[in-house]
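Engineer:
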Amino acid sequence: MTRKQKRLSLILGGLAVLGLAAGLVLYALSGAITFFHTPSDLADTHVQVGQRIRLGGMVEQGSVTKGPGTVTSFAVTDTLKTVTVSYDGILPDLFREGQGVVTEGKMQPDGSFVADTVLAKHDENYMPRELAESLKAKGVTLGKIADEGTPQ
Amino acid sequence: MNSIAEIGHFALILAVGVALYQFAVPLMGAQRGDVAAMRAGISAALLQFVLIAISFAALTHAYVISDFSVLNVVENSHSAKPLLYRISGVWGNHEGSMLLWVLILALYGAAVAVFGGNLPLELRARVLAIQGSVGFAFLLFIVLASNPFIRVDPPPIEGNGLNPILQDPALAFHPPFLYAGYVGLSIAFAFAVAALIEGRVDAAWARWVRPWTLVAWMFLTVGIAMGSWWAYYELGWGGWWFWDPVENASFMPWLVATALIHSAIVVEKRNALKIWTVLLSILAFSLSLMGAFLVRSGVLTSVHAFAVDPQRGAFILMILCVFIGGSLSLFAWRAPQLKAGGLFAPVSREGSLVVNNLLLCVACLAVFVGTLYPLALETLTGEKISVGAPYFDLTFGPIILPLLLLVPFGAFLGWKRGDVGLALKRLWLALALALLVGVIVLALNVRGPWLAPVGMAIAAWLVFGAIADVAAKTGLFKAPLATSWQRLAGLPRSALGTAVAHAGLGILVAGVIAISLWRIEVIVALKPGETAAVGKYAVTFQGEGPLTGPNYTGRTGAFLLKQGDRELATLHSEKRIFKPSGMPTTEVGLYQTWHGDVYVVMGDETTGGARAMRMYYNPLVNFIWFGAAVMFLGGLLSISDRRYRVGAPRRAAGMQAAPAE
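Top line first, the protein sequences correspond to chains H and L.
Following my numbering, the numbering of the first sequence begins with 61 at its first residue and continues without gaps.
Following my numbering, the numbering of the second sequence begins with 233 at its first residue and continues without gaps.
#1: By the criterion of Cβ-Cβ separation under 7 Å, what are the contact partners of A92 of chain H in chain L?
#2: Using a Cβ-Cβ cut-off of 8 Å, state whether G122 of chain H counts as contacting chain L.
#3: Return no unless some Cβ of chain L is closer than 8 Å to the Cβ of L75 of chain H.
#4: Go ahead and label H241 of chain L buried or exposed: buried means 16 or more other beta carbons lie within 10 angstroms of its beta carbon, across all protein chains shown.
#5: Which whole runs of the alpha helix (DSSP H) in the segment 714 to 780 of chain L are 4 residues long or more, in chain order?
#6: Return the chain-ordered list of same chain residues with a C-beta closer than 8 Å to the C-beta of A662 of chain L, the five sequence neighbours on each side being excluded.
#7: Taking only beta-carbon positions, decide if S100 of chain H is within less than 8 Å of chain L.
#8: So, is H106 of chain H buried or exposed, given that buried needs 16 or more other C-beta atoms within 10 angstroms?
#9: Which word fits S235 of chain L, buried or exposed, when buried means at least 16 other C-beta atoms lie within 10 angstroms of its C-beta?
#10: Quick test of your reading: S813 of chain L and N392 of chain L, contact by CB under 8 Å. State the CB separation rounded to the nearest angstrom.
#11: Within 10 Å of its beta-carbon, does V535 of chain L have 16 or more other beta-carbons around it, so buried, or fewer, so exposed?
#12: So, under 8 Å CB-CB, A481 of chain L and G523 of chain L are touching, yes? Tell me the CB distance rounded to an integer number of Å.
#13: Apart from the five residues just before and just after Q543 of chain L, which ones in its own chain have a Cβ nearer than 7 Å to its Cβ?
#14: Excluding the 5 residues preceding and the 5 following A402 of chain L in the sequence, name in chain order all residues of the same chain whose CB lies nearer than 7 Å to its CB.
#15: Could you check whether A598 of chain L and I551 of chain L sit closer than 8 Å to each other, using their CB atoms as the reference points?
#16: Please return the same chain residues whose Cβ sits closer than 6 Å to the Cβ of S584 of chain L, not counting the five positions on each side in sequence.
#17: Buried or exposed for I514 of chain L, please, with buried defined as at least 16 other CB atoms from any protein chain shown within 10 angstroms of its CB.
#18: Could one say the Cβ of I71 of chain H lies closer than 8 Å to chain L's Cβ atoms, at least one of them?
#19: Beta-carbon of N185 of chain H versus every beta-carbon of chain L: anything under 8 Å?
#20: In this structure, what does DSSP give as the bridge partners for M845 of chain L?
#21: Check Q280 of chain L in the structure and name its three-state DSSP category.
#22: Taking only the alpha-carbon atoms, compute the straight-line gap between V441 of chain L and L592 of chain L and give it to the nearest angstrom.
#23: Applying the 10 Å Cβ sphere with the 16-neighbour rule, what's the burial state of P380 of chain L?
#24: Would you mind working out which of L:G670, L:V833, L:T839 and L:A733 sits nearest Y849 of chain L, comparing C-alpha positions?
#25: In terms of residues, what are the limits of the alpha helix (DSSP H) holding P897 of chain L?
#26: Mind checking D400 of chain L: buried by the 16 CB within 10 Å criterion, or exposed?
#27: Using only CA atoms, which one of L:A262, L:L683, L:A504 and L:D829 lies nearest to Y465 of chain L?
#28: Tell me, please, whether the CB atom of F96 of chain H is closer than 8 Å to any CB atom in chain L?
#29: Work out the CA separation of L331 of chain L and D434 of chain L for me, nearest whole Å.
#30: Shortest alpha-carbon distance to A256 of chain L belongs to which of L:L278, L:A243, L:R358 and L:V306?
#31: Buried or exposed: which applies to C596 of chain L, given that a residue is buried once 16 or more other Cβ atoms fall within 10 Å of its Cβ?
#32: Would DSSP call P568 of chain L helix, strand or coil?
#33: Mind checking who F96 of chain H pairs with in its DSSP beta bridge?
#34: Assign T730 of chain L to buried or exposed, taking buried as 16 or more other Cβ atoms, counted over all protein chains shown, within 10 Å of its Cβ.
#35: Compare the C-beta of V601 of chain L with all C-beta atoms of chain H and state if any pair is closer than 8 Å.
#36: Ignore the nearest five residues each way along the sequence and tell me which others in A76 of chain H's own chain have a CB closer than 8 Å to its CB.
Here it is as C-alpha cells:
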C-alpha cells in the first residue's frame, strides 16, 4: 500500500468506528434515558403507563406505611398534587417524612407509582435540585436548596 | 488564637507571585535563549512547592488542634473526630481540596525541576513555565474565591463536623491518590504545550512524557479503585460503579491517559503518531480540568459537590476556557509544523495501538456524551433527564469489548508490519484455554445471558494472552527452565509491565462480568432468630443492640453466617447517627472470600418487630480491586524500566533509538 492508501484506510476505519459509536449513542439516548417529573406535571405531560420515569417531590407527613413484608408506601407531593408510591426494598438512610425524595419506576394503570429505586438527600431543608427548580417555576417556594447531599 | 493560620495564608499569597514568576521568566528566557532566566524556573518551582507545603501544613495544623477560629475548620471538623478524620477533613471540603490540588501540582513541578537534569534546558524551562501558569490560575482561584484561612471572630466552641459518610479510611486517601492522577496529567500537558512552542516532537520527547503519564495513570487507577471500593461497602447499595457523573469525571481522564501511555510508545519506538499524541496529552489534562469543574462548580448534585457557589463555578469555567481553548488553539496553529512520522502497515504493532487509541477515545466520547447530555439538555430546553447505567451498558460495552478482544493480539504483532498468522500460532494455546473457559461457563451458567460465557472467555483470553506473551519472550517450555528464568530476569521491565497490566485488566473484567450477571440479591423482613438464604449461605438475624462510637451512637445488628452446618462468621451491620449533624449512615456486614462476598445491610423496622434486610452474594467482586492493583503493579514494573531512569534518555541517543525488538 502507498502512504496515501494507508492514511485513507486509517481515516476510513476511524470514521467507521466513530459512526458506529455515534449510532449506538443516539440509539441509547432515545431509549435508555429517564425523564424527571413532579406529581403535578405528570398530568400535563403524557407519561405512559409502564414508561420508566423519575418522580420527585416531598414525602408527605404521616403518609409512610410499612408492610406487608419489606414493602413501604408513601405519598410524594409537590404541594399541588400528590402521588402514592410503593417501594419494595430498603429505604435509604436519609429517607424521612417531610423531606425531598426522588423515586424511579413506573406509573400504574390506577394512577399510583411503583418505584424500584428511591434516592433521598440529606438535611431537613434539602430538596432535590430538580424539584426546587420546577417548583420555583410554578411559583411555590419550599425550604432552601441544599448544596450538599449524598448519592443515593 | 495563634498565628499559624496567618503564616499559611501569607505563604499561599507568596506562592501566587512565585507561580507568576515561574510562568513568565523561564518562558521569556527560552524564547530569548537566556540561560539564567531559564534556570530561574527550577528554583521557582522548588520555592513554590515549599510555600504551598507550608500553607498546607498550616491548614493541617489548624485541623489537628481543632482551631475553631478558622472558618474552614468550623464548617468541616469537630473535636470529637478521630485524628485520622481530622487530618482527612483538610481535603474533605472544597477549599482544602483545592489546596491539596495545587500542593500536588507544585510537587510535580518540583519533581520536574529536580529530576529533569537530563532534559534540554529550553524544554525544561518551558515545561516548568506551563506548570507555573496552571499553578498561578488555581492559586489565584484559592486566594480570591475559596480561601481556607479565613478567620471567624468570636470562634465557636465546636465545629459542624465532616460529612459522616466521608469518615472512612478508604475515602481518607481517595482524594490524594485521585488528585495525584488528575494533576499528574498536567505534566503531559505541559510537555505537549512546550513541544508545540518548540515545534519539535521526537522519540526522546516521548520517552520523557511517558513515565510522567504512567505515574499519573497509576495514581488515577488506584484513586478510582479506592472510590469504587468505598462506594461498595460504605453506601450499602452493594454496587461498585454507578455511572454517576462524578465517577465519569474521573473515568474519562483515565481512558484518555490509558490511550496516551500506549500512543507514547509509538512515538518513542517508531517516531509516528506524534501529532496525535500531543493532542491526547492536551485532551487528557483538559478532561481532568473539566472533571474539577463538574465536581467543584456544583452543576452536579453529588457527595463531591461540596459547595454550590456560582462565583466559584464561573472562575473554574474561566480557567477551563483559558487552558483548554488556549492549548487547542496553539495546537491548531503549530501542529501542522510538526513533522509527520514513520510509515506502518495497518496490521502491525503501531496499527494495533492506533485501534487501541481509537476505541479508548470513542469509549471516552460515549461516556462524555452520557455525562454532559443531561446538563446540555436542561440548559437548552429545561427538560430534566437522567442518563443511567442502561445508556452506558449499551454504548460503552460494545465499544470496549472489541478492544479487550484485541489486546493479546496487539502484543504479538511486530512493529512496522505484523503477521496475524504468526501471532495466532503463538496464541493458540491461550485462545484454546479461553474458549475452554467460555464453554465451561456456558455449561454451568443456567440463568445468565449470553454475555456470561463470552465475558468470562474474554477475561481468560486477556490473562492467558498476557501469560503467553511472557512465555513467548522467555521461550518457556521450548528452552530449559533455567534459560527461561534467566531470560525473564533479562526481559525489559516495560515488557513485563505490559503483560502484568493486561493480565490485571483480565482479572478486573472477570470480576465485573461476574458481579453484573451472577449477583444474588435478597430483600427480606426478618425478626430476631429468623433465617434467610443467600445463595448457598444461610444468614440468621440474631438480634440488635445499642451502639456507641467516638462521635456517633446507633444500633448494631448481629447476623450468624452459616454454610450448611458450618458456622462461618458473625457479621455486624450498623445504623449510626452522627452527633454534630444527626446524619444517619449504614455500616455493611461483610464476609469476604476470594470467590465472593456475603454482604448484609440492616434496614428500617417494618411491621411486627421485624427489620427489612438487604443481603447480597457478590461473586468474584474482589477481582475488580485486585485487578486494579495488578494493573498498578504493571505500571510500577514498566516505570522501573532501565530506559526511563534518570540519565538514560538523552535527546541525541533518542534520535537514533532503535525499536527494542
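Ideal Cβ positions, reconstructed from N, Cα and C, are used throughout, including at glycine.
Computed from a predicted model, the values in this text were never measured in an experiment.
Structural biologist: Let me spell this out:
#1: P622, Y623 and L626
#2: no
#3: no
#4: buried
#5: 725 to 750
#6: P640, W693, F696, G697, I699 and A700
#7: no
#8: exposed
#9: exposed
#10: 7 Å
#11: The predicted model places V535 of chain L with a pLDDT of 45, which falls under 50 and marks its position as unreliable; any figure quoted below should be read in that light. Buried, since its Cβ has 16 or more Cβ neighbours within 10 Å.
#12: 4 Å
#13: A377
#14: M458, W461 and W462
#15: no
#16: G642 and L645
#17: buried
#18: no
#19: Here N185 of chain H scores only 40 on pLDDT, less than 50, and its place in the model should not be relied on; the value that follows carries that caveat. Output row for N185 of chain H: interface = no.
#20: L:V756 and L:M834
#21: helix
#22: 19 Å
#23: buried
#24: L:V833
#25: The first residue shown for chain L is 233 and the last is 893, placing residue 897 of chain L beyond what the model contains.
#26: buried
#27: L:D829
#28: yes
#29: 35 Å
#30: L:R358
#31: buried
#32: helix
#33: H:R114
#34: buried
#35: yes
#36: none
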